[in-house]
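Just so you know, the sequence shown maps onto residues 15 to 132 in this note's numbering. Remarks on the structure that follows.
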Amino acid sequence: MIVALSGTKLGPSKLLVGFLLTALILITLMAAWPQVMFKSKERILDVGPEGWSTQIGRKSGSRSWGQVASIESAFGLIAIVSTSGNSILVPERAFSDRAAKEAFLQDAKRWHEAVASR
């Protein structure tokens, strides 16, 4: 038996109910977080020989190719993964056609490999 800070005894059933309520609240918050943090404005991604930069509304960020761990293409996405573990996912819809996507991927990989091979 556990005694709460208020001095009342907490039996196993009260502990289980408290645990389940806490778990439910945490799961709900974890599911809602991406919706709360979603940026509905269009993202602008600029990629060049020095690295990439991005902007959504007033927020912006950039990385040099030296700060990029890998560039991968899978499941219709291009993932630019930074050395910190963060990544930018570029969907197929960002490109006018498959040739534009392949050109983007080849350019990004070439620029990244040029820095990585130094």
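In this text, a Cβ means the ideal position worked out from N, Cα and C, and glycines have one as well.
Taking the DSSP output, what are the residues bridged to residue i?
i	result
Gly65	Gly62 and Ser78
Val50	Answer is none; Val50 lacks a bridge partner.
Glu86	Ala93
Leu103	Ala93
Arg57	Ile70
For residue i, tell me which candidate among the options has the shortest Cα-Cα distance.
i	options	result
Glu86	Gly80, Ala37 and Ile102	Ile102
Gly80	Gly25, Ala122, Ser27 and Phe33	Ala122
Gly62	Glu106, Ser78, Lys55 and Gln69	Ser78
Gly71	Ala88, Phe52, Phe89 and Ala130	Phe52
Arg107	Ile39, Val31 and Glu56	Glu56
Phe118	Gly65, Gly99 and Leu34	Gly65
Ser98	Asp111, Phe89, Ile58 and Ala83	Ala83
Around the C-beta of residue i, are 16 or more other C-beta atoms found within 10 angstroms, so that it is buried, or is it exposed?
i	result
Met15	Low per-residue confidence applies at Met15: pLDDT is 44, beneath 50, and the placement is therefore not dependable enough to give any value.
Trp47	exposed
Val104	buried
Val50	exposed
Lys115	buried
Val31	exposed
Asn100	exposed
Val17	Annotation note: pLDDT 49 at Val17 (below 50); position unreliable, no value reported.
Hey, is the stretch 116–130 in contact with the stretch 81–100, meaning 3+ C-beta pairs nearer than 8 angstroms?
With the cut-off at 8 angstroms, the stretch 116–130 and the stretch 81–100 touch.
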